[in-house]
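S.K.: Here it is, the structure in full.
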Amino acid sequence: MLIAASLVAAVAVGAVSAAVLLLGRDGDGGGVRTVPPSSVGPDAPDDSAPRPTATSTVTRTPDTVRPSTPEAPENYRIAKDPRGFALAVPKGYVRETDGPRTYYSSPGGVVRIGIDKDTPRAGTPLAAQRRSHAAGPRDLRGYRDGEVTGTTRNGRPAALWQYTWDGSGADGGARHTFDLCWEENGRMYHVWVSSPVDRAGEARRYFDTAVDTFVRR
């Protein structure tokens, strides 16, 4: 298991005149293009066993002894991405790209798992997420329930940003996003999951699994 967290209190950030650094055209965390929604989805993964989350405390394994390819839970598969990483995604999810961003989406694009890596921005992951949160009301229609929480990943500083917004026209309704940001090997990584609000619990399970199994290759 990869995620360990020592939470600090959620930080409420006032309005700041700054651009959202990592939002895509449809407002998903690391930037995912709009895909027409659909009610069709893959077989639900077996989530009966508890999973660590980006806000839980778990034991970590140093990167130096981690396997190059993680194991897939039941009803997931390991996506060995040509962009140099691997992670577990639900079976049936399809890979697409949007510039430097990669994502795996359910049939019809209702739920989207995104990955982004870039050169580090100014400041820490927590500072980057706070800037995005501060710009949310300006750049995301109906932005609400935004929260940024400091945590760690593999002993490195990280930040979890989650929020709800009204979605784009093609989304057909409000969406919720979970977005974890951290720096590793000279890169700023984001792993996020975006879904309709009524599927946020399911999306959180996919998010926890994606973050737990993410490795550089």
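Residue numbering for the sequence shown follows this note's numbering, beginning at 1 and increasing consecutively. Virtual Cβ for every residue (Gly too), placed ideally from N, Cα, C.
Could you tell me whether the region 154 to 173 touches the region 125 to 138, using the rule of 3 or more Cβ pairs below 8 Å?
M.R.: Verdict: yes, contact present.
S.K.: Just to confirm before moving on: does the CB-CB distance between A213 and P70 stay below 8 Å?
M.R.: At residue 213 the sequence reads Thr, which differs from the Ala that was named. Yes, these two residues count as a Cβ contact at 8 Å.
S.K.: For R216, is the beta carbon positioned less than 7 Å from some heavy atom of the ligand NAP?
M.R.: The model on display carries no ligand, and the ligand NAP is accordingly not part of it.
S.K.: With DSSP as the reference, label A158 as helix, strand or coil.
M.R.: Looking at A158 - three-state DSSP - the assignment turns out to be strand.
S.K.: Give me the residue from A200, L180, R130 with the minimum Cα distance to K117.
M.R.: Ranking A200, L180, R130 by Cα distance to K117 puts L180 first.
S.K.: Whole angstroms are fine: how far does the CA of A88 sit from the CA of A72?
M.R.: Each residue's Cα considered, the two are about 6 Å apart.
S.K.: State the Cα-Cα distance for the pair V215 and T102, rounded to the nearest angstrom.
M.R.: Straight-line Cα distance between these residues: approximately 15 Å.
S.K.: From what residue to what residue does the alpha helix (DSSP H) around R204 run?
M.R.: 200 to 213 is the span of the alpha helix (DSSP H), which, as asked, contains R204.
S.K.: Distance, Cα to Cα, R205 vs Y93?
M.R.: One C-alpha to the other measures close to 15 Å.
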